[in-house]
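Peer 1:
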Amino acid sequence: MTIDANFFLELFFHQLGLWWVVIPSIFLGLIVGGIPGFSAANTIIVLLPFTFLMEVEVGLVFMIALYCSSRLGAGIPAILVNIPGTAGAAATPLDGYPMAKQGFGQRALSISFVSSILGGLLTTVIALITMPWLARVGFYMHSVEMVVVMLFGISLIASVATKDTIKGLIAGFVGLMIGSIGADHVYATPRGTMGFLELYDGVPLIPALVGLFAISEAFMVIESGSFLSKDRVQQVQNASWAETFYGVKLTLKRWFHVGWTSLIGLVIGVIPGAGAAIASFVAYQQSRAFSKTPEAYGKGHIEGLIAPEAANNGVTAGTLIPLMVLGIPGGATAAIMMVVMQYQGVPTGPGLFTERPDLGYGVFMAMFVTYLLMSFTILPMSRYMSRVTLVSTVYMSPIIIAFTLVGSFVPREYMFDMYLAFGFGVLGYIARKTGYHVAAILIGVILGPLLEQYMLRALKMSGGDATVLFSSTLGNFLWVILIATLVLPSWLNKKKAKSEQ
Amino acid sequence: MTKLTMKRRSFIKTSAAAAGGLMIGGGLATPALASYPDRNIDVIIPTREGGGADRLFRAFTSLWKNHMNTNFEPGFFPGASGRVGYEVYMGKYKPDAYSLIFGNMGPEVLNWAVKAPSFNIDDYIYFNRVDTDPGCVFVGAESKFKTIDDIVSEGKKRTLNVGTSRLAHPASIGILALGEHTGAKFNLVPLSGGKNTVAGAVTLEMDFCVLTSGSVIKAADACRTMLVFNDKNVAGEKLDNAPTMNDYFGTKLPAMFSARAFGIHKAAVDAHPDRFEMLQKTGKKAFDDPGFKDAFLKSKGFWPYANYGGVKECAEFKSAMLEMGERFKPLLTGK
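Order-wise, the sequence lines are chains A and B. Read in order, the letters of the first sequence are residues -10 to 490 in our numbering. Read in order, the letters of the second sequence are residues 251 to 585 in our numbering.
1) Assuming A/A268 and A/A300 are in contact, meaning their beta carbons sit under 8 Å apart, how far apart are those beta carbons, in whole angstroms?
2) For the region 43 to 62 of chain A against the region 182 to 191 of chain A, are there 3 or more C-beta pairs whose distance is under 8 Å?
3) Could you pull out every residue in the same chain whose Cβ sits closer than 6 Å to the Cβ of A/H246, ignoring the five residues on either side in sequence?
4) Could you pull the DSSP bridge partners for B/V293 from this structure?
5) Applying the 10 Å Cβ sphere with the 16-neighbour rule, what's the burial state of A/S205?
6) Express the C-alpha separation of B/F542 and B/L313 in angstroms, rounding to a whole number.
7) Name the DSSP bridge partner or partners of A/L61?
8) Can you give me the C-alpha to C-alpha distance between A/L368 and A/F16, rounded to a whole angstrom?
9) When the Cα atoms are used, what is the spatial distance from B/Q530 to A/L37?
10) Using the beta-carbon of each residue, which ones in chain B are nearer than 7 Å to A/F128?
11) Can you tell which of A/M450, A/D84, A/G171 and A/G64 has the C-alpha that lies nearest to the C-alpha of A/E284?
12) Using a Cβ-Cβ distance under 8 Å, would B/P554 count as near chain A?
13) Among the residues of its own chain, which have a CB less than 7 Å from the CB of A/G74, if the five just before and after it don't count?
14) Going by DSSP in three states, A/I435 sits in which element: helix, strand or coil?
15) Looking at the C-beta of B/F657, does it have a partner C-beta in chain A at a distance below 8 Å?
16) Cβ-heavy atom distance between A/I310 and the ligand FAD below 7 Å?
17) As a quick exercise: from A/S451, A/T282 and A/G437, pick the residue whose alpha carbon is nearest that of A/F162.
18) Let me check one thing: in DSSP terms, what residues is B/L461 bridge-paired to?
19) Shortest alpha-carbon distance to A/R372 belongs to which of A/F216, A/V358 and A/W230?
20) Looking only at C-alpha atoms, which of A/A78, A/A447, A/Q4 and A/I(-8) sits nearest to A/A428?
21) In terms of alpha-carbon separation, which member of A/T(-9), A/A76, A/P261 and A/M135 lies closest to A/N465?
22) Does B/N446 come out as helix, strand or coil in the three-state DSSP assignment?
23) Against chain B, does A/Y176 count as a neighbour if the rule is that its beta carbon must be under 8 Å from one of theirs?
24) Using alpha carbons as the reference points, say which of B/W362, B/A509 and B/L441 lies closest to A/P261.
25) What residue from A/S132, A/V11, A/F2 and A/L123 has the CA that sits closest to A/F459's CA?
26) Within its chain, find whatever has a CB closer than 6 Å to the CB of A/L123; leave out the 5 residues flanking it on each side and keep chain order.
27) Please list the partners that A/S132 has in chain B, where partner means a Cβ-to-Cβ separation under 8 Å.
28) Considering only residues of the same chain and omitting the five flanking positions on each side of A/V225, which have a CB-CB separation below 8 Å?
29) Check the Cβ of A/Y332 against every Cβ in chain B and list those closer than 9 Å, keeping chain order.
30) Can you tell me which residues form a DSSP beta bridge with A/F405?
31) Do B/F499 and B/T432 have their CB atoms nearer than 8 Å?
32) Roughly how many angstroms lie between the CA atoms of A/Q4 and A/V314, to the nearest whole one?
33) Closer than 8 Å is the cut-off here; do at least three beta carbon pairs connect the region 446 to 458 of chain B with the region 137 to 147 of chain A?
34) What does B/A309 touch in chain A if you count any residue whose Cβ is under 8 Å from its own?
35) How should A/E212 be labelled, buried or exposed, when 16 other C-beta atoms within 10 angstroms of its C-beta is the threshold for buried?
36) Let me check understanding here. Comparing Cα to Cα, which of A/E46, A/P196, A/E(-1) and A/F(-3) lies closest to A/M330?
In structure tokens form, the structure reads like this:
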């Protein structure tokens, strides 16, 4: 079989012919992505027997479409009601929700959809072209380098705390402390578990996520009676299709921003074990660092919404590369795909592209087709979805609390996790009432354990020698970029202010 | 036509007699065993739903239920390397042979050696072992090491970093024993799970890795196997015909398996020996059932690793794991 333009063209039309699998999977993915606790991975596990019955090609297309659309779906409740459906969408409400509260929910959804779709399409094409080289990223990004990548994300705590730095840093510190609960990564010594076995593996992410964001938000909006102020209600009611197109236009104008933030997602996605949560926080931090208007972030900035959404959709193509090229799954969903492929007798790793190039390249082409079909199926829905913000909080708050409590129960099926989500809800409510930023707490909870894991691994490998953190060329290069992105913006601002004086 | 009538008093008398007769007759005629099992048997699985243990459990019980005439109902309690499931089973379930645990004897028993659970570890016993998946030493496809001798000789010059899924794991014990035997220096680095361990070897972050061989077989050409911690390399070519440690180095290391088996409260065995006997007999029948191979293969199992073990084999293995765990405890706990 010759791998040329004709091959790819045929493959494209072939995958397009499977629209009858792709479109229902897109809608299923939107639903499971939007409900916290559900995800593409556990939906595929539940539907695994059906995937075994399907032809391998159809099964893979089904899984890919579900995977991509669930990533996009997770951003919808994050924007409209401040509930990230998955950890990968945890950075989305930072600017998405303020936009929705200003009555621009429809526009925010449109921006989110277009940046997700464009980011997904771009990274899929890049993945198709550069797969053999991108797969090598994992050979260079080891624990030492990942420590620096984590610090990129964690430094965001300082950025979100611009209003009150001390409170922001305290919130971030509390998050890091909560993130350190559980057995340590080397000797499995339990720390801060308070005797709860359920906390041995650390604080489960979904209860923390839904508690801090969703439940605390539900408590807040109960008090206000509505998501929106009266004049904003009017604005949403009067919004026409033009709002959607305006969102599309705003995003297309920032095509370069979509491009480079989605590339951050692609590169982080390729690293085995890294994921969408890291990618979206790092992309948001980088977007803010290089922005001409960093002070507008956190208040409904368009680029603050584009960055995490483009990045977490860039991750989808990235996580499949190590599976396809090296035979090692980059994430949970990729691991399940590997099970299905092996069950069907399809090789993973280098053999896939020689024995079944139609499947190897077909997976990425299916991803391309999914994103393409999403632009026709999802985008028009933004107008109707945004109406959620008009529903009275008398109804919405109990629904949010009920859904999120069920969502926190789903991953491990422990009642404990529901109590934990409620506890985090109370913590989030107190934090909001007293001016502490819940996002700063959450960044600590999500990225703290990952930073610790990579740091301890690096130290274990070096026999406890801390200089290992500066032992690699790539690592040192990343350290320089990290320091530059932290120091340069404020230095440039000061210089600019001085020259203006 | 004669009208059949029954007065209230005679109806009560007749009913009482009939009921009494049934109760006495039933009680005398039916031994206690015949009523067991009269409901589903709960099985605690101390890992996540959808994982390897779940698939194997479903494959085995799809046959076992026919021999037991009852269903097996799984409950998943993941967390703390299996500790949560065992604590729940030992602490919350009645010892009446209506509840079992389906555990992984290797890593889970090593857990007890590293940190004792809240219950007495002799208060439950394993039986009906379904599979044994030996640990192995492997490298990424691009590694410079070609044989186990290369690894040992390099390990004598410098300390090699060895990726493992977690410290308290049979494969970790295997490599520590190899280091002890040859004088090579190995530094175990836990990588949190099999997927990450394979990645650690493939991306060359680790010098080499150790893991249960089933996961290495799944990684296919991405990895090369160097040594197997078993008496025989039953996987042959799938594990690159790697030698076994005992054969190659003349050691007497017990097999370092990940071995899935059912567990039951010892109090249940003591109180209901007949029930336990039934569980064992029917379990063996299920394993020998011709349909099991098909179910096992469908669960993505590697057939040469299907390996039945009774109470004796399980007890020997549990004891060996505890002994090895105790021997290497300082290296596993850092204390």
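Cβ coordinates follow ideal geometry from the N, Cα and C atoms, glycine included.
Peer 2: Based on what the coordinates show:
1) A/A268 to A/A300, Cβ: 4 Å. Contact.
2) Pairwise C-beta distances place the region 43 to 62 of chain A out of contact with the region 182 to 191 of chain A, as fewer than three of them are shorter than 8 Å.
3) So the qualifying residues of the chain are E292 and I295.
4) Bridge partners of B/V293: B/P324 and B/L350.
5) By the neighbour-count rule (16 or more Cβ atoms within 10 Å), A/S205 is buried.
6) One C-alpha to the other measures close to 7 Å.
7) None; A/L61 has no bridge partner.
8) Straight-line measurement puts the Cα of A/F16 at about 12 Å from the Cα of A/L368.
9) Going from the Cα of B/Q530 to the Cα of A/L37 covers about 31 Å.
10) Chain B residues near A/F128: T453 and L454.
11) Checking every option, the nearest Cα to that of A/E284 belongs to A/D84.
12) So, not an interface residue.
13) Only G22, G23, I24, P25, G62, A63, P66 and A67 meet the Cβ criterion.
14) In the three-state DSSP reduction, A/I435 falls in the helix class (H, G or I).
15) Residue 657 of chain B is absent from the model: chain B starts at 251 and stops at 585.
16) This structure lacks the ligand FAD; in fact it carries no ligand of any kind.
17) Of the candidates A/S451, A/T282 and A/G437, the one whose C-alpha sits nearest the C-alpha of A/F162 is A/G437.
18) Paired residue(s): B/C386.
19) A/R372 has its Cα closest to that of A/W230, out of A/F216, A/V358 and A/W230.
20) Ranking A/A78, A/A447, A/Q4 and A/I(-8) by Cα distance to A/A428 puts A/A78 first.
21) Selected option, being the one with the closest Cα: A/M135.
22) B/N446: helix per DSSP, three-state reduction.
23) A/Y176 counts as touching chain B.
24) Closest option to A/P261, Cα to Cα, is B/L441.
25) Of the residues A/S132, A/V11, A/F2 and A/L123, the one whose Cα lies closest to the Cα of A/F459 is A/S132.
26) The beta carbon of A/L123 is closer than 6 Å to those of V259 and I310 in its chain, skipping five residues each way along the sequence.
27) Neighbours of A/S132 on chain B, chain order: E455.
28) Counting only Cβ-Cβ distances below 8 Å, and skipping sequence neighbours, we find G92, G94, Q95, L217, S375, R376, T378 and L379.
29) The contacting residues are K548 and K550.
30) DSSP lists no partner for A/F405.
31) Taking 8 Å as the Cβ cut-off, B/F499 and B/T432 qualify as a contacting pair.
32) Going from the Cα of A/Q4 to the Cα of A/V314 covers about 21 Å.
33) Judged by Cβ distances under 8 Å, the region 446 to 458 of chain B makes no contact with the region 137 to 147 of chain A, as fewer than three pairs qualify.
34) Going along chain A, no residue has its Cβ under 8 Å from B/A309, so there is no contact; the nearest lies around 13 Å.
35) Classification of A/E212: exposed, given that the 10 Å Cβ count is below 16.
36) Out of A/E46, A/P196, A/E(-1) and A/F(-3), the CA that lies nearest to the CA of A/M330 is found in A/E46.
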